[in-house]
Amino acid sequence: MDRYLQECGDRIEATTAARYSTLSEQLVIPHLGGLKLGRLRPVHLNEWISTLRKGGGHNGKPLSPKTVRHAAVLLNGALKWAVKMQLTVTNPLTAVGMPAVPRSKARALPADEIAKVLAAAGKTRWGPLVSLAFSTGMRRGELCALDWADVDERRGSVLVERSLTETRDGAAMKTTKSGRGRTVPLSRVALDALRRQRTLQTADRRRARELYVDGGAIFTDELGRRISPMDATHAYGRIAKEVGASSLRLHDARHTAATHLLVAGVDVRSVSGILGHASATTTLDTYAHLIADAQRDAVDRLGDRLQRISKGRPADGRRRRQPEGNRRRLPYSKKRVK
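For the sequence shown, this note's numbering gives the first residue as 1, with consecutive numbering after it.
And the structure:
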């Protein structure tokens with residue numbers, strides 16, 4: 001494991017390397033480190049996965065399926081590298097398979113809850129960030145990584161090419177989840193949120209004076225320091241709990257934005273580009289239930305249209321106006337003219 005992590009350390013980001021190291025130290029080596037590589041068998045790995053599921057967490061608590069899968073994927077990468085380097089003949093994990101992770105359904109807030117959350121957030125310094133989260137669908141790390149230099153107010157867009165993430169040594173910058181940058185259009189709501197944030201920072205700078213640290217970040221605390229993703233998560237959770245929202249997760253603001261885009265009829269490829277998914281397939285997989293609902297609605301509308309056509313009615317449902325020459329003239333009496 002140590003040799004593999006050292007080998008791939010130059011090819012992955014520092015935050016990913018730190019995550020790999022943590023998984024190796026806490027979930028792999030304590031359970032499998034005493035086995036010689038050549039004697040590692042599928043039965044050992046099957047028992048290892050079962051142990052992690054039942055009590056591999058802190059104080060013997062069960063680990064989530066997602067965490068167990070992350071550990072298995074890391075070990076699988078190390079074993080594949082070992083086969084490539086001829087340190088072992090086979091990868092025994094291929095006989096066990098990766099732990100399955102049930103896909104959670106994307107949750108979107110209903111319109112009345114969105115209004116309550118935005119109103120409550122607007123009374124705090126978190127209002128602009130929450131508004132931008134709902135109006136752009138950006139991830140929390142992407143929001144926290146934004147600089148004023150990324151905003152093009154004239155074109156009404158923002159460049160998203162970095163993300164702020166939490167590590168054991170504090171927050172650190174990395175590329176976006178897809179590894180590519182993207183330009184996100186800004187609505188009037190988003191532009192207004194940015195103007196309010198600029199006004200807030202001006203007031204902070206005036207109060208803090210020489211203590212203010214201006215690093216060019218958009219979302220900062222009272223002293224100009226960039227806020228962390230966990231700060232944003234906790235703040236949103238407090239606001240959502242205060243108004244009784246059905247979800248306290250900041251990430252569901254992203255799902256809400258995607259939901260409204262799809263329900264409004266925006267094509268999947270465009271939604272994928274706005275959200276920064278690696279491909280439209282990711283968007284289809286994540287929001288398949290919404291797309292299915294939209295397809296049902298479209299088929300129902302098509303059925304209504306065909307039914308009107310078959311009965312000789314206009315397809316749009318409006319009453320057809322007859323040509324002037326085809327109208328029946330009603331009888332009338334001529335007035336006597338003197």
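We put the CB at the ideal spot given by N, CA and C, even for glycine.
Considering only C-alpha positions, which residue in the set the options is nearest to residue i?
{"i": "V158", "options": "T165, L302, E166 and A149", "result": "A149"}
{"i": "V89", "options": "G127, R41, G34 and P65", "result": "R41"}
{"i": "A115", "options": "R103, F134, A100 and P99", "result": "F134"}
{"i": "H251", "options": "E142, Y20, V184 and Q197", "result": "E142"}
{"i": "L74", "options": "I49, A288 and V117", "result": "I49"}
{"i": "T167", "options": "C8, S270, Y4 and A18", "result": "A18"}
{"i": "P30", "options": "A71, P65 and G215", "result": "A71"}
{"i": "M85", "options": "P110, Y287 and L37", "result": "L37"}
{"i": "A172", "options": "R162, G181, R180 and G179", "result": "R162"}
{"i": "R140", "options": "A253, T183 and V28", "result": "A253"}
{"i": "R103", "options": "T286, R296 and S131", "result": "T286"}
{"i": "R206", "options": "T176, E222 and P65", "result": "E222"}
{"i": "V151", "options": "R195, E210 and P62", "result": "R195"}
{"i": "K123", "options": "T15, A288, L200 and D10", "result": "L200"}
{"i": "M138", "options": "R182, D267, D231 and A288", "result": "R182"}
{"i": "D169", "options": "A14, V299, L23 and K66", "result": "A14"}
{"i": "A190", "options": "R238, V130 and L32", "result": "V130"}
{"i": "L32", "options": "Q6, M1 and D10", "result": "M1"}
{"i": "G215", "options": "Q6, L262 and C144", "result": "C144"}
{"i": "R249", "options": "L262, V266 and D231", "result": "D231"}
{"i": "A288", "options": "A245, L87, R313 and L262", "result": "L262"}
{"i": "P110", "options": "R39, R180 and A245", "result": "A245"}
I need the boundaries of the alpha helix (DSSP H) containing residue i, first residue and last residue.
{"i": "L45", "result": "P42 to G55"}
{"i": "S135", "result": "G127 to T136"}
{"i": "V243", "result": "Note, V243: premise wrong, no alpha helix (DSSP H); not H, not E."}
{"i": "K61", "result": "Unbroken run through K61: none, as it is neither H nor E."}
{"i": "W81", "result": "P65 to K84"}
{"i": "A17", "result": "A14 to L23"}
{"i": "L87", "result": "No alpha helix (DSSP H) contains L87, which DSSP labels as neither H nor E."}
{"i": "R205", "result": "R188 to A208"}
{"i": "K116", "result": "A111 to G122"}
{"i": "T282", "result": "A280 to T286"}
{"i": "R269", "result": "V268 to L275"}
{"i": "L5", "result": "D2 to C8"}
{"i": "D252", "result": "H251 to V263"}
What is the C-beta distance between residue i and residue j, in whole angstroms, given that I count them as a contact (C-beta under 8 Å)?
{"i": "S272", "j": "A280", "result": "4 Å"}
{"i": "L146", "j": "I218", "result": "4 Å"}
{"i": "V243", "j": "A106", "result": "At roughly 21 Å, the Cβ-Cβ gap does not stay under 8 Å, so V243 and A106 are not in contact."}
{"i": "A278", "j": "S187", "result": "Actually they are not in contact, since the Cβ atoms of A278 and S187 sit about 24 Å apart, beyond 8 Å."}
{"i": "H44", "j": "L52", "result": "The Cβ separation is near 13 Å, so there is no contact."}
{"i": "V213", "j": "R225", "result": "6 Å"}
{"i": "V160", "j": "T176", "result": "6 Å"}
Residue i to residue j, Cα distance in whole Å?
{"i": "P128", "j": "A193", "result": "5 Å"}
{"i": "H58", "j": "Q26", "result": "10 Å"}
{"i": "V154", "j": "D112", "result": "Looking at the sequence itself, residue 154 is Arg, so the reference to Val does not match. Near 32 Å, if we compare the C-alpha coordinates of D112 and R154."}
{"i": "L93", "j": "G156", "result": "50 Å"}
{"i": "R301", "j": "Q307", "result": "10 Å"}
{"i": "C8", "j": "N76", "result": "14 Å"}
{"i": "S270", "j": "T220", "result": "30 Å"}
{"i": "V28", "j": "L63", "result": "13 Å"}
{"i": "M98", "j": "T233", "result": "30 Å"}
{"i": "K66", "j": "G55", "result": "14 Å"}
{"i": "G60", "j": "D304", "result": "58 Å"}
{"i": "A240", "j": "S247", "result": "7 Å"}
{"i": "I12", "j": "L23", "result": "15 Å"}
{"i": "N91", "j": "T16", "result": "23 Å"}
{"i": "L211", "j": "T202", "result": "13 Å"}
{"i": "D10", "j": "T282", "result": "28 Å"}
{"i": "S310", "j": "H260", "result": "33 Å"}
{"i": "G237", "j": "R209", "result": "31 Å"}
{"i": "G312", "j": "R296", "result": "25 Å"}
{"i": "V266", "j": "V299", "result": "17 Å"}
{"i": "Q6", "j": "V83", "result": "16 Å"}
{"i": "L87", "j": "R39", "result": "12 Å"}
{"i": "V268", "j": "R180", "result": "18 Å"}
Residue i and residue j: beta carbons closer than 7 Å?
{"i": "L284", "j": "A258", "result": "no"}
{"i": "A78", "j": "Y4", "result": "yes"}
{"i": "T256", "j": "A100", "result": "no"}
{"i": "V117", "j": "N46", "result": "no"}
{"i": "W81", "j": "A235", "result": "no"}
{"i": "P229", "j": "L164", "result": "yes"}
{"i": "V184", "j": "T136", "result": "yes"}
Provide the residue span of the beta strand (DSSP E) that contains residue i, from first to last.
{"i": "R182", "result": "R182 to P185"}
{"i": "K174", "result": "G170 to K174"}
{"i": "E166", "result": "S163 to T167"}
{"i": "V158", "result": "S157 to V160"}
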